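Notes follow the structure.
Chains as they are written, first to last, in the working numbering: chain B, 1 to 129; chain H, 130 to 630.
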């Protein structure tokens, strides 16, 4: 089962994402700030990372840069959730490979289609129909 | 309801709970409503027990018993969720001998089993509530996402009128994963579409014709959204006859009538259109419809503005028949230069009005001066010299023309600072003023005046080249020369005289 790490301090977003992605057959790990996210990534690299930008302790930007330092040969994609107010922040991401944006409010459809694009559709559904 | 939620639950802790209560490992099973085994699959007789309970089980509340073989019995209990009904069964297989053995007695075990089953039903209820809440939240996000994305497109493109629809439809096609998304509004002759093809559609033109025709009429009559997924849907006899696509169409009502529809088309190999697709498309239809109204209003306003401006220009040109068409020509040439220079959309809009209205100030020049066929006296020439400032005074009250007015005010400045009204020099002259000056010079030479006939294109170009750097901005002259070298269509349209090569 593909493992997805969700890093966001807003519990409702994490919950909705988790429920939807679990239904689609992904294994979900969550962290509520960048620091906890970085620990989770260094403990075991996920198959994909979904992160917010504005977070306490360590922001999404700091998280992405720290991952770049810790794992220079990273192969998993990072999906960054941005709202309108974050749009100016897009410049720093230009140099980071395998990074995409998810416009907030995040559409579950687009999250699933992005994940499928990166991880293939070889996800075995955890639930029987 | 499927067993989806049951399957997601972890029954290991219930198993441990039961084992502790019994004092030894128990044969515990959770079954779906049809008796299918959800937990305890490994148990030798689970499947058979499941079938038996599903066929003959008592669905009344409480723990029931079935004798099983010679020395065993099955205790089972329906798992019931208030308001939803039964979602399955829990069951244990015990030795009948346990009845006499003590402790723990069978009663004790039955009690534990009963409690545990209530626990399972509770957890099920919580899980299913959480699920429906997250589903609801998820679909709200979906709607918000769509509305925000429409808003973003509109904000980014308020100036580009045609592009916004196409871009919007295209992003909707991607978001909804549809092959074709179209917005159809026959009353205004609008049929905009975007494709995101998963596979070629060979008869797209025909599909679009059908949308405007039969499909629109069908929705107009039914007044409701239409979803056709099945190949054998009987409604296909009326719509898209012989066109094997999945169709989702949502109407937008105006004054109780279907005014426009949004149509999604998918190849048959794609997933069926869902309720969520339908909800989102209905929202999209609403958004597109108000956007379309806004555009029509905006178009109407633009047209009105243009007509007002033309009225003003005609008032000026009526004073001097020789200047007829001058504003229009200078406008055309200025826009050619502006576009060739790659000016952004908003600047072109300013240049549009500035060049069109640059001579409005001439309305203040006495006819005797304006139409005098002979040389002007110094006093008379002063009237001519104030006309750009007059244009400014007339137009400055129009807020929308704030920037456009600069071009009109300074179109008679010269690059070397010897022009009027302010004697500005070089790049101190507003860019639009310098552009209009080149266009104005060209038209003054090539068009007929009260005192002379118009001269040829070649003469004008030679003269413009001569005054580049003194009267005119050499950089803009160069742009103009490049345009003119490509034999532009206006040479014919404005009937500019040509010299034989």
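C-beta atoms are modelled at their ideal positions from N, C-alpha and C, and glycine is treated no differently.
Computed from a predicted structure; not experimentally measured.
Where residue i falls: helix, strand or coil (DSSP)
| i | result |
| --- | --- |
| residue 64 of chain B | helix |
| residue 224 of chain H | strand |
| residue 496 of chain H | helix |
| residue 211 of chain H | coil |
| residue 217 of chain H | strand |
| residue 331 of chain H | coil |
| residue 585 of chain H | coil |
| residue 403 of chain H | coil |
| residue 427 of chain H | helix |
| residue 546 of chain H | coil |
| residue 323 of chain H | strand |
| residue 73 of chain B | coil |
| residue 541 of chain H | coil |
| residue 536 of chain H | helix |
| residue 15 of chain B | helix |
| residue 349 of chain H | helix |
| residue 137 of chain H | helix |
| residue 451 of chain H | helix |
| residue 23 of chain B | helix |
| residue 117 of chain B | helix |
| residue 294 of chain H | helix |
| residue 596 of chain H | helix |
Residues near residue i in its chain [Cβ-Cβ closer than 6 Å; skip 5 each side]
| i | result |
| --- | --- |
| residue 603 of chain H | 597 |
| residue 340 of chain H | 311, 313 and 392 |
| residue 140 of chain H | 159 and 168 |
| residue 133 of chain H | none |
Contact set for residue i: own chain, Cβ-Cβ below 7 Å, skip 5 residues either direction
| i | result |
| --- | --- |
| residue 101 of chain B | 80 and 82 |
| residue 172 of chain H | 156 and 158 |
| residue 580 of chain H | 502 and 503 |
| residue 40 of chain B | 5, 29 and 31 |
| residue 360 of chain H | 373 and 397 |
| residue 122 of chain B | Interpretation of residue 122 of chain B is limited by its pLDDT of 48, a score under 50 that renders its predicted location unreliable; the figure taken from the coordinates is listed afterwards. Same-chain partners within the cutoff: there are none. |
Where the alpha helix (DSSP H) through residue i begins and ends
| i | result |
| --- | --- |
| residue 572 of chain H | 560-575 |
| residue 3 of chain B | Per DSSP, residue 3 of chain B belongs to no alpha helix (DSSP H); it is in the beta strand (DSSP E), 3-7. |
| residue 95 of chain B | Careful: residue 95 of chain B lies outside any alpha helix (DSSP H) and carries neither H nor E. |
| residue 514 of chain H | 507-514 |
| residue 285 of chain H | 235-285 |
| residue 609 of chain H | 603-614 |
First and last residue of the uninterrupted beta strand (DSSP E) at residue i
| i | result |
| --- | --- |
| residue 374 of chain H | 374-383 |
| residue 636 of chain H | The requested residue 636 of chain H does not occur in the structure, where chain H is confined to residues 130 to 630. |
| residue 146 of chain H | First-last for residue 146 of chain H: 141-151, but that is the alpha helix (DSSP H), not the beta strand (DSSP E). |
| residue 194 of chain H | 193-197 |
| residue 29 of chain B | 27-31 |
| residue 52 of chain B | Note, residue 52 of chain B: premise wrong, no beta strand (DSSP E); not H, not E. |
| residue 79 of chain B | 78-82 |
| residue 389 of chain H | 386-396 |
| residue 160 of chain H | 156-161 |
| residue 166 of chain H | 166-168 |
| residue 36 of chain B | Residue 36 of chain B -> not in any beta strand (DSSP E); alpha helix (DSSP H) instead, spanning 34-43. |
| residue 622 of chain H | No beta strand (DSSP E) holds residue 622 of chain H; the alpha helix (DSSP H) holding it covers 619-622. |
| residue 355 of chain H | 355-357 |
| residue 369 of chain H | Segment: none, residue 369 of chain H is in no beta strand (DSSP E) and carries neither H nor E. |
Buried or exposed (CB count within 10 angstroms, at least 16 for buried), residue i
| i | result |
| --- | --- |
| residue 450 of chain H | exposed |
| residue 426 of chain H | exposed |
| residue 61 of chain B | buried |
| residue 491 of chain H | buried |
| residue 23 of chain B | buried |
| residue 75 of chain B | exposed |
| residue 8 of chain B | buried |
| residue 609 of chain H | buried |
| residue 624 of chain H | exposed |
| residue 437 of chain H | exposed |
| residue 331 of chain H | exposed |
| residue 433 of chain H | exposed |
| residue 213 of chain H | exposed |
| residue 129 of chain B | With a pLDDT of 35 at residue 129 of chain B, under the threshold of 50, the modelled position of that residue is not reliable, and the figure given next carries that caveat. Per the 10 Å Cβ criterion, exposed. |
Close Cβ partners of residue i (< 8 Å) along its chain, the five nearest in sequence each way excluded
| i | result |
| --- | --- |
| residue 58 of chain B | 33, 34, 35, 37, 38 and 66 |
| residue 627 of chain H | 585, 586, 587 and 620 |
| residue 489 of chain H | 441, 442, 445, 519, 520, 523, 524 and 537 |
| residue 46 of chain B | 3, 4, 5, 29, 40 and 76 |
| residue 239 of chain H | 192 and 204 |
Residues from the region 13-32 of chain B in contact with chain H, defined by Cβ distance under 7 Å
15, 16, 19 and 20
Please identify, using Cβ separations under 9 Å, the residues of the region 304-330 of chain H that lie next to chain B, in order along the chain.
304, 305 and 306
With 9 Å as the C-beta to C-beta threshold (strictly closer), list the residues of the region 178-207 of chain H near chain B in chain order.
Under the 9 Å Cβ criterion, the region 178-207 of chain H contributes no residue.
Can you give me, in chain order, the residues of the region 104-115 of chain B that have a beta carbon less than 9 Å from any beta carbon in chain H?
Cβ contacts with chain H come from 104, 105, 106, 107, 108, 109, 110 and 113.
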